[in-house]
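Have a look at the structure below before the remarks.
There are 2 protein chains.
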Amino acid sequence: MSHAVAQSKRKSPPRWKRRKAARPAEIVAAALEVFVERGFAATKLADVARRAGVTKGTVYLYFESKEALFKAVVRETIVPVIAQGEALARSFTGSARELVERLVREYWRLVGETALAGIPKLMLAEAATFPELTRFYYDEVVTRGHRLMAGVIERGIQNGEFRPVDVEVAAKLAMSPLMHAVVVRRAFASCMPEGFNVRNYLDTHIDLYLHGIAKH
Amino acid sequence: MSHAVAQSKRKSPPRWKRRKAARPAEIVAAALEVFVERGFAATKLADVARRAGVTKGTVYLYFESKEALFKAVVRETIVPVIAQGEALARSFTGSARELVERLVREYWRLVGETALAGIPKLMLAEAATFPELTRFYYDEVVTRGHRLMAGVIERGIQNGEFRPVDVEVAAKLAMSPLMHAVVVRRAFASCMPEGFNVRNYLDTHIDLYLHGIAKH
DNA sequence: ATTTACTTACCGACCGTTCAGTAACCATAT
DNA sequence: ATATGGTTACTGAACGGTCGGTAAGTAAAT
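In order, the protein sequence lines correspond to chains A and B. Note that the first sequence ends on residue 216 in the numbering used here; no numbers are left out. Note that the second sequence ends on residue 216 in the numbering used here; no numbers are left out.
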């Protein structure tokens, strides 16, 4: 017994560390993964905790409930992307068609290829269950995203690059193939052994879209 | 007592009816609604049963399990739509661009505006949970749908209506704004009090798409 | 020695699933 | 027409596993 005690006092590395500052972000990151894989209802907090390297109790030190954790995941992960897109549009000096292409590719780089790709799917699946969060997402992500793209289209019409189409709708149509691809790609990944040719998809979309909206 | 007996014998309507033939379809219809509203995991079979006008036990007379019910919902509701689209394409005699427009509008009429609109959302949300069903859906709906549209695009390129673009990708791009709209519209219905202008969306998509793919 | 981040063991509600019992229906007889 | 007996579609209550949430206890840090 005294031997065991001596050993534990002298050498054994601590079984866990106290890392108050880092836990919330780690738990949110783990939760994002599991929520995306399983959906909200089917996600077990014990799984989230294990993936974050803690136990269930610790999750409740930092988040009031499963629902609160879910909201934190959505709020903290997706909003920064929109802000980044807005900043890009503000500082851009080229033509409208160049900016459309840039925004499309940037969306894919920041969302399509990262863990964030799961957020749109999650929101669509759980929208009915969390009206308040859905409103938040709609206002802070969907609407801001549309306004961003609509401003670019508007600019293109003003300076004669684009035909005078419905600006709001044209903005949605620039993004919807992307949003859809982001969601579908993961859902059917196992059904497409050859993979999804992203480059080709983006290139063709940009080509068709810009041809479609261009003047003559 | 004898009074009550007499009454029950003579007039009181039965508390329930035996309707073996009609039950499965009614349960599937009710299940479609609830699954779409709540998602698979959050759906209670008691709710499905109540909406179908039966009790939980009855559901188990006709379906082995919750999962079997879910699969029945997907299989029985969506496949007929694809077959209908294929039949339309076979019998169509006009130009490729007219057929593209027709298929787009038909998809919206048969899926977008009906209870079927919930199926794509369901499949996306639950794909990870039901690999086997996902494969079925991918083969019998997604792939068949793409093949259908790809054939039309191919035809348009052959006869000089369309530019020589990547056929597979162009087919996906013709449908993705629709699929996305179907899913998004319901999810954010409560956030769009003014509603979603379907006519405008479809018109603009068809206009932009056909302009984009047309030969000069 | 004290504080507190973290673990562990537990509770209680919920819900899929089961099954014994019941009521509707039907065939046959009176 | 009414009664009787048999079949089965349907009900309803109970079971048992699962998981969100809680709180007592433990170990890291200072």
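Glycine included, every Cβ here is placed at the ideal spot set by N, Cα and C.
At a cut-off of 7 Å between C-beta atoms, A/R51 does not count as an interface residue with respect to chain B. For B/L202, the closest Cβ of chain A is not nearer than 7 Å.
Between B/V73 and B/A31, the C-beta spacing is below 7 Å. With its beta carbon less than 7 Å from one in chain B, A/I213 belongs to the interface. Beyond the five residues adjoining it in sequence on each side, B/Q84 comes within less than 7 Å, by CB distance, of L110 in the same chain, given in chain order. For the segment 10–95 of chain A, the continuous alpha helix (DSSP H) assignments of 4+ residues that do not extend past its boundaries occur at 23–38, 45–51, 56–62 and 66–91, in sequence order.
B/A117 sits away from B/G39, with the two beta carbons spaced by 7 Å or more. Around the beta carbon of B/S91, a 10 Å sphere encloses fewer than 16 other beta carbons of the protein chains shown; the residue is thus reported as exposed.
A contact is defined here as three or more CB-CB pairs under 8 Å, and the segment 130–137 of chain B fails this definition with respect to the segment 146–165 of chain B.
DSSP places A/A214 in the strand class (E or B) of the three-state scheme. Chain B places a beta carbon closer than 7 Å to that of A/S176, counting this residue as a contact.
At the C-beta level, A/R97 and A/L210 come within 7 Å of one another. Rounded to whole angstroms, B/F70 and A/F70 show a C-alpha spacing of 25 Å. In the three-state scheme derived from DSSP, where H, G and I count as helix and E and B as strand, A/F162 is classed as strand. Note on B/T77: 16 or more other CB atoms within 10 angstroms of its CB, so buried under the neighbour-count rule. DSSP places A/F188 in the coil class of the three-state scheme, outside both helix and strand.
Judged by beta-carbon spacing, B/M123 lies beyond the 7 Å limit of A/H180, meaning their Cβ atoms are not closer than that value. For A/Y138, the nearest beta carbon of chain B is closer than 7 Å to its own beta carbon.
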